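Student: Residue numbers (my numbering), protein chains in the order written: chain X, 159 to 391; chain H, 159 to 391; chain A, 2 to 218; chain L, 2 to 218. Please read through the structure below; I'll follow up with questions.
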Amino acid sequence: MIRKKVADVKEALQGVQDGMTFMLGGFGLCGIPENAISELVAIGIKEITCISNNAGVDDFGLGLLLQKKQVKKMISSYVGENDEFERQMLSGELEVELTPQGTLAEKCRAAQAGFPAFYTPAGYGTEVAEGKETREFNGKMYVLETAYKADFAFVKAWKGDEAGNLVFKGTARNFNPCMCGAAKITVAEVEELVPVGELDPNEIHVPGIFVKRIFQGKNYEKRIEQRTVRQRA
Amino acid sequence: MIRKKVADVKEALQGVQDGMTFMLGGFGLCGIPENAISELVAIGIKEITCISNNAGVDDFGLGLLLQKKQVKKMISSYVGENDEFERQMLSGELEVELTPQGTLAEKCRAAQAGFPAFYTPAGYGTEVAEGKETREFNGKMYVLETAYKADFAFVKAWKGDEAGNLVFKGTARNFNPCMCGAAKITVAEVEELVPVGELDPNEIHVPGIFVKRIFQGKNYEKRIEQRTVRQRA
Amino acid sequence: MLDKNGIAKRIAQEVNDGYFVNLGIGIPTLVANYVREDIEVEFQSENGVLGMGPFPFEGEEDADIINAGKQTITALPGASFFDSVTSFAMIRGQHVDLTILGAMEVSENGDIANWKIPGKMVKGMGGAMDLVASAENIIVAMMHTNRAGDSKLLKKCSLPLTGVGCVKKIVTNLAVIAVTPEGFQLLERAPGVSVEDIQKATDGTLLVKGDIPEMEL
Amino acid sequence: MLDKNGIAKRIAQEVNDGYFVNLGIGIPTLVANYVREDIEVEFQSENGVLGMGPFPFEGEEDADIINAGKQTITALPGASFFDSVTSFAMIRGQHVDLTILGAMEVSENGDIANWKIPGKMVKGMGGAMDLVASAENIIVAMMHTNRAGDSKLLKKCSLPLTGVGCVKKIVTNLAVIAVTPEGFQLLERAPGVSVEDIQKATDGTLLVKGDIPEMEL
């Protein structure tokens, strides 16, 4: 077995530099790599490009990096929960590339799986297809989309082991699996680092080969964006 | 919940007709839909095209359909375990389309996921690329491959529930997941049909939406092709 | 005239036995409350759940179990969780039978705009572009006019598009309308709404063939 | 001169700490037996297992746990099972560090042929075309000549290709050879084999620079 465990978030982030491109897992605030984000804020890294479905909220998640103006460019599908984001975007301080959600996931997966490009129907006839090749297959139009390139992928799992195997819980899985192995270095933080052999090999969501470094995260807040409940009858 | 359960293999195969194209899961004899294959032999369906990584052995798996000359065309990556197959192929009785294994899996997945085509490096510069579009991305050459089209997909899982959710065991998973939802009708046979709610929603390998019919299979032989063992020290 | 719940109630009639359904944010989310209980339906949320259930009881919220609107939800027996790639395989691969979403504008040829107002508001398309480019059966749930009173059913969309020629049906506070090769075709009137009211609120071509029944809710 | 186990033993020296390795059928499978025990290595088999272990003890064979050669195997602690799509994501995405496979022919520009003899034998390419088109680091394990005594290291392959310009190194019963822009470069001789022996058995351009050491096994 090839051991991927590192001591802490500091060791996990060794090599990150200003100007790099990062992938960050999560949907809204669900399943985001909280420890990696905090550390990126703490070390004051600058001019980064973030590939992430959302941009956090004003005071949590990627919003923390936006607040400190550490982000040069965001590549996302939906950014509607963040006022500071909208301000920076409309003022031109922040570059934004909006991408359909399924295309965003698949562009990560293409990088992970060695596909340079694929044809998808999403965005045909819209701004998203501008400047891109379009093509007909079986009477339907498709847009050619290319794989992302990134330096680091930061993902968050529920459980993991030293071999880098990951298991997710609920909808906190989302973009995390497709980002594993889609960047030069994939860093996984987990709520619980379990002994090797404890995870059933049939139930592993991401095999360790896609993960370069893994560490046990700390102090997860797991903030809820929309707390919706029903009353007991 | 949408119930997919059918009574038996006969009901599961309703609608199969001569001349159709079938996808069949399995790698070698591991994870093959034994019940569906037996029934296809029993009903004497003819002139079928089979998309399956292998072609079984002479007297088991897809070999049973070959023996009875029910197969018009095989689309596979490796067929080296079957003498009757080789005889029919060399004599010209059987059409054969050999496809790289990863491409075969991805052509199924493309059909499942709504991608008409994708670029892969496999087969560039070989017979496999003949007549296909090739293209350079980032200094490397790729071949354009298109999604398969099939009428039925027959897959075999370890456990499943009435909602069509599937769980696999060991390497019997192989091509089964990517064929689910890749044909017009997907038929899953399982070793154990468990009550709804028994499968952990985090541990489902194939969500039920990709499966149209599910039934509890019978009399699994699960034949081993190469029984290799080591001696106890 | 219908309120948001009325629109949801009418759309719920379009949900058939055996349908896998994706519900967008806003009015579409409400549709789940009105689906007949004697049919089998499963709700998919594109962030990674199939078999979505109602909101959790107070105190049982789980930050790891949300829908695409970031609301805490529950999973019903038979549900599954999966990643974004698998979720969009369901959508792009046309395994989802019905997509219900909101819109800022719809044109008479079925174009839809719902993600951007240039220079003013850019929230992003989320999964909407994948959904409208893939789904065979798309119903738009929206108010017939915007806050300024302008029609949202246009000859041609003025806002950046989300998808082209994809909308099949529209249910508004005033009417049920089909998108046909000839333009918007009026199918039903909301209770107490006249054909003239609908005509006035519709900017695109509105075809009125024969008697237009009032909705049955 | 080496036997099959000798070839495997020499190739095992090319397996470094931290490598994920895919082993083809035949001689490559034997490599696992000779990898140093003080390094961390994981074996991937393209039918869907990472962390492959040795054959099971007699009576513990499981029909559901096999390798790409259809042999019963075991899974080590830390192993994972996955589907074919994920397996080839590992391969195509260059997450596998080293690929070792057999060949019928290799040409001096690194082309490889190992899946078909027209009109005579067609077993198929299995995963070999994906492997050779993707891997950065490909070592061929084979006999230097075929049963008829003809060289398998050629100027140009005569059989249908599996991949072009992809082989980096070749280990045969006679020699270790690198594929360079100038042709085959002789790196090491097998015990008791002379440069002349190797030259005679090699059809393609063979570069011999300086003293050629004997392999250390």
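We put the CB at the ideal spot given by N, CA and C, even for glycine. Everything numeric in this text was worked out from a predicted model, so none of it was measured.
For the alpha helix (DSSP H) that contains X/V167, what are its first and last residues?
Tutor: Walking along the first sequence from the start, residue 167 of chain X turns up at place 9. X/V167 -> alpha helix (DSSP H) spans 167 to 170.
Student: Quick check: the Cα distance between A/G120 and X/E255, rounded to an integer number of angstroms?
Tutor: Here residue 120 of chain A refers to the residue found at position 119 when the third sequence is read from its first residue. Here residue 255 of chain X refers to the residue found at position 97 when the first sequence is read from its first residue. Distance between the alpha carbons of A/G120 and X/E255 is about 15 Å.
Student: By the 9 Å beta-carbon criterion, what residues does the stretch 314 to 337 of chain H contribute toward chain L?
Tutor: Here the close residues are W316, F326, K327, G328, T329, A330, R331, N332, F333, N334, P335, C336.
Student: Would you mind listing the beta strand (DSSP E) stretches within the stretch 304 to 345 of chain H that are 3+ residues and don't spill past its ends, in chain order?
Tutor: Entirely contained in the stretch 304 to 345 of chain H, the beta strand (DSSP E) runs reaching 3 residues are, in chain order, 310 to 319.
Student: Roughly how many angstroms lie between the CA atoms of L/N138 and X/M159, to the nearest whole one?
Tutor: Here residue 138 of chain L refers to the residue found at position 137 of the fourth sequence. Here residue 159 of chain X refers to the residue found at position 1 of the first sequence. Between L/N138 and X/M159, the C-alpha separation is close to 20 Å.
Student: Among A/K10, A/V16, A/V22, which one has its Cα closest to the Cα of A/T100?
Tutor: Mapped onto the third sequence, residue 100 of chain A falls at position 99. Per the Cα distances, A/V22.
Student: Would you verify that the beta carbon of X/N360 is, or is not, closer than 8 Å to some beta carbon of chain L?
Tutor: By 1-based counting over the first sequence, the position of residue 360 of chain X is 202. By this cut-off, X/N360 is an interface position.
Student: Report the residue from A/R148, A/M122, A/E41, A/V133 whose alpha carbon sits nearest the alpha carbon of A/G25.
Tutor: Along the third sequence, read from residue 1 onward, the residue named residue 25 of chain A stands at position 24. Ranking A/R148, A/M122, A/E41, A/V133 by Cα distance to A/G25 puts A/V133 first.
Student: Looking only at its chain, what residues have a beta carbon closer than 6 Å to the beta carbon of H/L171, apart from the 5 residues adjacent to it on each side?
Tutor: For this step, residue 171 of chain H is matched to residue 13 along the second sequence. Same-chain partners within the cutoff: E197.
Student: Quick check: the Cα distance between X/F243 and H/F373, rounded to an integer number of angstroms?
Tutor: Numbered from 1 along the first sequence, position 85 holds the residue referred to as residue 243 of chain X. Numbered from 1 along the second sequence, position 215 holds the residue referred to as residue 373 of chain H. Rounded to whole angstroms, X/F243 to H/F373 spans 51 Å at the Cα level.
Student: Could you tell me if H/Y282 is buried or exposed, where buried requires 16 or more neighbouring beta carbons within 10 angstroms of its beta carbon?
Tutor: For the purposes of this step, residue 282 of chain H is taken as the residue at position 124 of the second sequence. Buried.
Student: Under 9 Å between beta-carbons, which chain H residues line up against L/R93? List them in chain order, please.
Tutor: Taking the fourth sequence and counting its residues from 1, one reaches residue 93 of chain L at position 92. By Cβ distance, chain H contributes G260, E264, T278, P279, A280.
Student: Counting along the chain, where does the alpha helix (DSSP H) carrying H/Q270 start and finish?
Tutor: The sequence position of residue 270 of chain H within the second sequence is 112, counting from 1. Where H/Q270 is concerned, the enclosing alpha helix (DSSP H) stretches over 259 to 271.
Student: So the beta strand (DSSP E) H/F373 belongs to, where does it begin and stop?
Tutor: For the purposes of this step, residue 373 of chain H is taken as residue 215 along the second sequence, with counting starting at 1. Note, H/F373: beta strand (DSSP E), 371 to 374.
Student: If you pair each beta-carbon of the stretch 8 to 22 of chain A with each one of the stretch 37 to 50 of chain A, do three or more pairs fall below 8 Å?
Tutor: Yes: at least three Cβ pairs fall under 8 Å.
Student: Cα-Cα, which of L/M105, L/S108, L/V168, L/G127 is closest to L/F219?
Tutor: This structure leaves residue 219 of chain L out entirely; chain L is present only between 2 and 218.
Student: Residues in the same chain with beta-carbon distance under 8 Å from A/G49, minus the five sequence neighbours each way, listed in chain order, please.
Tutor: Within the third sequence, numbered from 1, the residue matching residue 49 of chain A stands at position 48. Excluding positions up to five away in sequence, the list reads F82, F83, D84, S85, T87, S88.
Student: At what residues does the alpha helix (DSSP H) containing L/Q186 begin and finish?
Tutor: Locating residue 186 of chain L in the fourth sequence gives position 185, where the first residue counts as 1. Element bounds for L/Q186: not the alpha helix (DSSP H) but the beta strand (DSSP E), 184 to 190.
Student: Using 8 Å for Cβ pairs, my map puts X/V369 next to X/L324. What's the rounded Cβ distance?
Tutor: Reading the first sequence from its first residue, position 211 is the one you call residue 369 of chain X. Reading the first sequence from its first residue, position 166 is the one you call residue 324 of chain X. So it is a contact: roughly 7 Å between Cβ atoms.
Student: Counting only runs that start and end within the stretch 96 to 181 of chain L, where is the beta strand (DSSP E) found for 3 or more residues in a row?
Tutor: Correct list: 99 to 102, 106 to 108, 139 to 142, 170 to 172, 176 to 181.
Student: Name the two residues that bound the continuous beta strand (DSSP E) containing L/S46.
Tutor: Within the fourth sequence, numbered from 1, the residue matching residue 46 of chain L stands at position 45. First-last of the beta strand (DSSP E) with L/S46: 42 to 46.
Student: Between L/V172 and L/R37, which are expected to be in contact by the criterion C-beta below 8 Å, what is the C-beta distance as a whole number of angstroms?
Tutor: Counting from one through the fourth sequence, the residue named residue 172 of chain L turns up at place 171. Counting from one through the fourth sequence, the residue named residue 37 of chain L turns up at place 36. Wrong, their Cβ atoms sit about 17 Å apart, outside the cutoff.
Student: Which stretch, first to last residue, makes up the alpha helix (DSSP H) that contains X/L248?
Tutor: Taking the first sequence and counting its residues from 1, the one referred to as residue 248 of chain X is at position 90. Element bounds for X/L248: 241 to 249.
Student: By Cβ distance below 6 Å, which residues in the same chain neighbour A/H145 in space, the five residues on each side in sequence not counted?
Tutor: Taking the third sequence and counting its residues from 1, one reaches residue 145 of chain A at position 144. Contacts found: T173, N174, L175, A202.
Student: Under 8 Å between beta-carbons, which chain A residues line up against H/R161? List them in chain order, please.
Tutor: Against the second sequence, residue 161 of chain H aligns to sequence position 3. Here the neighbours are E41.
Student: What is the C-beta distance between A/G193 and A/L154, in whole angstroms, given that I count them as a contact (C-beta under 8 Å)?
Tutor: Working through the third sequence from its first residue, we reach residue 193 of chain A at position 192. Working through the third sequence from its first residue, we reach residue 154 of chain A at position 153. Not really, about 19 Å apart at Cβ, beyond 8 Å.
Student: Give me the Cα-Cα distance between A/E106 and H/D166, rounded to the nearest whole angstrom.
Tutor: Taking the first residue of the third sequence as 1, we reach residue 106 of chain A at position 105. Taking the first residue of the second sequence as 1, we reach residue 166 of chain H at position 8. Those two C-alpha atoms are separated by around 49 Å.
Student: What do you get for A/F58, buried or exposed, if any count of 16 or more other CB atoms within 10 angstroms of its CB means buried?
Tutor: Walking along the third sequence from the start, residue 58 of chain A turns up at place 57. It is exposed - the Cβ of A/F58 has fewer than 16 other Cβ atoms within 10 Å.
Student: I'd like to know whether the C-beta of L/A9 is nearer than 8 Å to at least one C-beta of chain H.
Tutor: Translated into the one-based positions of the fourth sequence, residue 9 of chain L becomes position 8. L/A9 does not count as touching chain H.
Student: Looking only at its own chain, which residues have a Cβ that is under 6 Å from the Cβ of A/K157, when we skip the five neighbours before and after it?
Tutor: As a working note, residue 157 of chain A is residue 156 in the third sequence. So the list reads S108, once near-sequence residues are dropped.
Student: Our contact map puts A/G79 next to H/A321 with C-beta atoms below 8 Å; I'd like the distance itself, whole angstroms only.
Tutor: Along the third sequence, read from residue 1 onward, the residue named residue 79 of chain A stands at position 78. Along the second sequence, read from residue 1 onward, the residue named residue 321 of chain H stands at position 163. About 4 Å; that satisfies the 8 Å criterion.
Student: Mapping the DSSP letters down to three states, classify H/E361 as helix, strand or coil.
Tutor: Residue numbering aside, residue 361 of chain H sits at position 203 when the second sequence is read from its first letter. H/E361: helix per DSSP, three-state reduction.
Student: In chain order, what residues of the same chain have a beta carbon less than 6 Å from the beta carbon of X/A311, not counting five sequence neighbours either side?
Tutor: Here residue 311 of chain X refers to the residue found at position 153 of the first sequence. M181, M337, A340, A341, T344.
Student: Expressed to the nearest angstrom, what Euclidean distance is found between the alpha-carbon atoms of X/F218 and X/Q228?
Tutor: Locating residue 218 of chain X in the first sequence gives position 60, where the first residue counts as 1. Locating residue 228 of chain X in the first sequence gives position 70, where the first residue counts as 1. Distance between the alpha carbons of X/F218 and X/Q228: 14 Å.
Student: Just confirm the distance between the C-beta atoms of X/G184 and X/K314, as a whole number of angstroms; I'd bet it's less than 8 Å.
Tutor: Working through the first sequence from its first residue, we reach residue 184 of chain X at position 26. Working through the first sequence from its first residue, we reach residue 314 of chain X at position 156. Going by Cβ atoms, the distance from X/G184 to X/K314 rounds to 7 Å, so yes, they are a contact pair.
Student: For H/I367, which residues in chain A fall below 8 Å Cβ to Cβ?
Tutor: Counting from 1 along the second sequence, the entry for residue 367 of chain H is found at position 209. Per Cβ cutoff of 8 Å: F21, E43, Q45, L51, M91, H96, V97.
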